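Structure record follows, encoded as structure tokens.
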Amino acid sequence: MKAIYFAWVRERVGLSEEEITPPREVETVRQLVDWLAARGDGHAAAFANPKTIRAAIDKTHVAPDAPIANAREIAFFPPMTGG
Amino acid sequence: MKAIYFAWVRERVGLSEEEITPPREVETVRQLVDWLAARGDGHAAAFANPKTIRAAIDKTHVAPDAPIANAREIAFFPPMTGG
Amino acid sequence: MRVTPTIRVQAGDFDSAREEALLTQRRRDVGAVVAFTGLCRDENGTLAALELEHYPGMAEEEILRFANEALLRWRLLGLTIIHRYGVIRPGERIVLVVAAARHRGDAFAAAEFLMDYLKTRAPFWKKERRIDGSDSGWVAAKSEDDAAASRWER
Amino acid sequence: MRVTPTIRVQAGDFDSAREEALLTQRRRDVGAVVAFTGLCRDENGTLAALELEHYPGMAEEEILRFANEALLRWRLLGLTIIHRYGVIRPGERIVLVVAAARHRGDAFAAAEFLMDYLKTRAPFWKKERRIDGSDSGWVAAKSEDDAAASRWER
Numbered sequence: 002m003k004a005i006y007f008a009w010v011r012e013r014v015g016l017s018e019e020e021i022t023p024p025r026e027v028e029t030v031r032q033l034v035d036w037l038a039a040r041g042d043g044h045a046a047a048f049a050n051p052k053t054i055r056a057a058i059d060k061t062h063v064a065p066d067a068p069i070a071n072a073r074e075i076a077f078f079p080p081m082t083g084g
Numbered sequence: 002m003k004a005i006y007f008a009w010v011r012e013r014v015g016l017s018e019e020e021i022t023p024p025r026e027v028e029t030v031r032q033l034v035d036w037l038a039a040r041g042d043g044h045a046a047a048f049a050n051p052k053t054i055r056a057a058i059d060k061t062h063v064a065p066d067a068p069i070a071n072a073r074e075i076a077f078f079p080p081m082t083g084g
Numbered sequence: 078m079r080v081t082p083t084i085r086v087q088a089g090d091f092d093s094a095r096e097e098a099l100l101t102q103r104r105r106d107v108g109a110v111v112a113f114t115g116l117c118r119d120e121n122g123t124l125a126a127l128e129l130e131h132y133p134g135m136a137e138e139e140i141l142r143f144a145n146e147a148l149l150r151w152r153l154l155g156l157t158i159i160h161r162y163g164v165i166r167p168g169e170r171i172v173l174v175v176a177a178a179r180h181r182g183d184a185f186a187a188a189e190f191l192m193d194y195l196k197t198r199a200p201f202w203k204k205e206r207r208i209d210g211s212d213s214g215w216v217a218a219k220s221e222d223d224a225a226a227s228r229w230e231r
Numbered sequence: 078m079r080v081t082p083t084i085r086v087q088a089g090d091f092d093s094a095r096e097e098a099l100l101t102q103r104r105r106d107v108g109a110v111v112a113f114t115g116l117c118r119d120e121n122g123t124l125a126a127l128e129l130e131h132y133p134g135m136a137e138e139e140i141l142r143f144a145n146e147a148l149l150r151w152r153l154l155g156l157t158i159i160h161r162y163g164v165i166r167p168g169e170r171i172v173l174v175v176a177a178a179r180h181r182g183d184a185f186a187a188a189e190f191l192m193d194y195l196k197t198r199a200p201f202w203k204k205e206r207r208i209d210g211s212d213s214g215w216v217a218a219k220s221e222d223d224a225a226a227s228r229w230e231r
């Protein structure tokens, strides 16, 4: 699946997007955040405080306990500041 | 003092405005309405239902018990329908 | 800084974009502009025009009174109110309220407050002229407009 | 008659007067138009520009979702939402919401609802670039915006 990052999540990770293949036991958004945080220093900095991170699966907001099994694209970003 | 009329009050009275000299015992807006209603058929039709008439003294909304002693201009009109 | 509202009661049409531009141009502190436009509506295709009568002098004074009340209640950076009188046909503009503020809550509340008051307290009266030449009389005041205005009492 | 909202996410500026005209022209049933414009604000004179990042695709979809929710909640005759991205300087426009309705209450409520949701749920992020060349970082989400959006939950 594709992971994409926005705003300071993107800046800390150092990438706009990447292909990821989490292991089968990573089942929810929350577990994926923990798994991503272990990928390197940038990822660790980006995901240090999971409470400040929002996620969307295939362009729809999801909660931390949402399953990721069928996701093609999962996005991580800070709280939105539009308008 | 000058009495001026708007909307259907004006149409029923048949005048846009007129000079009036109410007697001394006519002290309030309510009393003036009753006095005006006795001036003729048009006035009687206009002021038949005092509850539907609003008044302003010198361009400020007033209540029926407002004194008219110092009024230069007193206006009568139906509830407003602006906007 | 004291805000001076712009108030006009006029027979002619107005240009909302120009009024909005006048409130925002050459400044960097306005974050929100709410512009309300009220138009002459004709749902069943029988209205030829509205005839809007007003009380000259009092109309401007009364609108200025509401405008100053809005400036006391909300933090506004600019305020423009224009109300037309005379013959107005379906689809034409009747009234404009533009409120500029730092924050959207102030601009929305002030514009809505002013419209509720214009509907019920500004000395204007609407008469409907039908396309068959008949005159269907004066528009009656609506109790829901009184209710809307009374929300703001305190 | 079903209303199809107009939604655009674009880098360029927009023309509010044109968008308003598109919602009202050649019709006689619109009585109220509320147009909200959000601008880039700089109160202390240190902001060079905002950089607005967005999530292409999701931004449009999410705005359409709110727009359809507004159309379910209020009786609207037309709805246009435009949100810019990219570099926006102080005084420039960021967002436009125009709601047209028979009655003003629907137009006001829909526009305010949409702005509250755009602030907190549309995938846009603002970064401030200072005139001294420094970058003061990403604008933090405000708890008062969350509170404003939560008013509409039911």
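Residue numbers (our numbering), protein chains in the order written: chain D, 2 to 84; chain E, 2 to 84; chain B, 78 to 231; chain P, 78 to 231.
Every residue, glycine too, gets a C-beta built ideally from N, C-alpha and C.
All values derive from a computational prediction rather than experimental measurement.
- The beta carbon of H44/E lies closer than 7 Å to those of V14, L37 and A38 in the same chain, with the five residues before and after it left out.
- DSSP links A76/E through a beta bridge to I5/E and A57/E.
- Of all alpha-carbon atoms in R95/B, Y194/B, L100/B and A187/B, the one lying nearest the alpha-carbon of L149/B is that of A187/B.
- Under the DSSP assignment, Q32/E falls in the alpha helix (DSSP H) whose first and last residues are V30 to A38.
- Closer than 9 Å to the CB of K60/D there is at least one CB belonging to chain P.
- Beta-carbon to beta-carbon, E128/P and K204/P are separated by about 4 Å, close enough to satisfy the 8 Å threshold.
- Taking a Cβ-Cβ threshold of 7 Å, the residues of chain E close to E130/B are F7 and A8, in chain order.
- Residues of chain D whose Cβ lies closer than 7 Å to the Cβ of T197/P are, in chain order, M81.
- Look at F48/D: its C-beta is not under 9 Å from any C-beta on chain P.
- Counting the other CB atoms within 10 Å of its CB gives L141/B a total below 16, which places it among the exposed residues.
- Close CB contacts of E74/E within its chain, under the 6 Å cut and outside five residues either way in sequence, are with K3 and D59 (chain order).
- Looking only at A217/B, A176/B, P200/B and F113/B, the smallest Cα-Cα distance to R152/B is reached by A176/B.
- In the structure shown, K52/E adopts helical secondary structure according to DSSP, grouped into three states.
- The three-state reading of DSSP puts R198/B in helix, counting H, G and I together.
- Taking one beta carbon from each stretch, the stretch 101-108 of chain B and the stretch 129-138 of chain B have fewer than 3 pairs nearer than 8 Å; the two do not touch.
- No Cβ-Cβ contact shorter than 9 Å links R85/P with H131/P.
- Taking CB atoms only, A64/D has no neighbour in chain P less than 9 Å away.
- If you draw a straight line from the Cα of V30/E to the Cα of L100/B, it is about 42 Å long.
- Close to chain B, meaning a Cβ-Cβ distance shorter than 7 Å, are the following residues of the stretch 112-145 of chain P: A112, F113, T114, G115, L116, R118, D119 and E120.
- Close CB contacts of A8/E within its chain, under the 8 Å cut and outside five residues either way in sequence, are with F78 and P79 (chain order).
- Closer than 9 Å to the CB of G84/D there is at least one CB belonging to chain P.
- Distance from the CA of R79/B to the CA of E19/D, rounded to the nearest whole angstrom, comes to 54 Å.
- DSSP places I140/P in the helix class (H, G or I) of the three-state scheme.
- Beta-bridge partners assigned by DSSP to K204/P: E128/P and W215/P.
- With distances taken between CA atoms, G84/E lies nearest to K219/B out of E230/B, A94/B, K219/B and T81/B.
- By alpha-carbon distance to A178/B, the top candidate from D92/B, E97/B, Q87/B and C117/B is E97/B.
- Taking 9 Å as the threshold, the shortest C-beta distance from R11/E to chain B falls below it.
- Residue environment: R55/E is assigned as buried (16 or more neighbouring CB atoms within 10 Å of its CB, all protein chains considered).
- Look at the stretch 215-227 of chain P: the residues with a C-beta under 7 Å from a C-beta of chain D are W215, V216 and A218.
- Of the residues G155/P, N121/P, R118/P and G89/P, the one whose Cα lies closest to the Cα of A112/P is G155/P.
- From the beta-carbon of F201/P, the residues of chain D found nearer than 7 Å are M81, T82 and G83.
- Rounded to the nearest angstrom, the Cβ distance from W215/B to W202/B is 6 Å, consistent with a contact under 8 Å.
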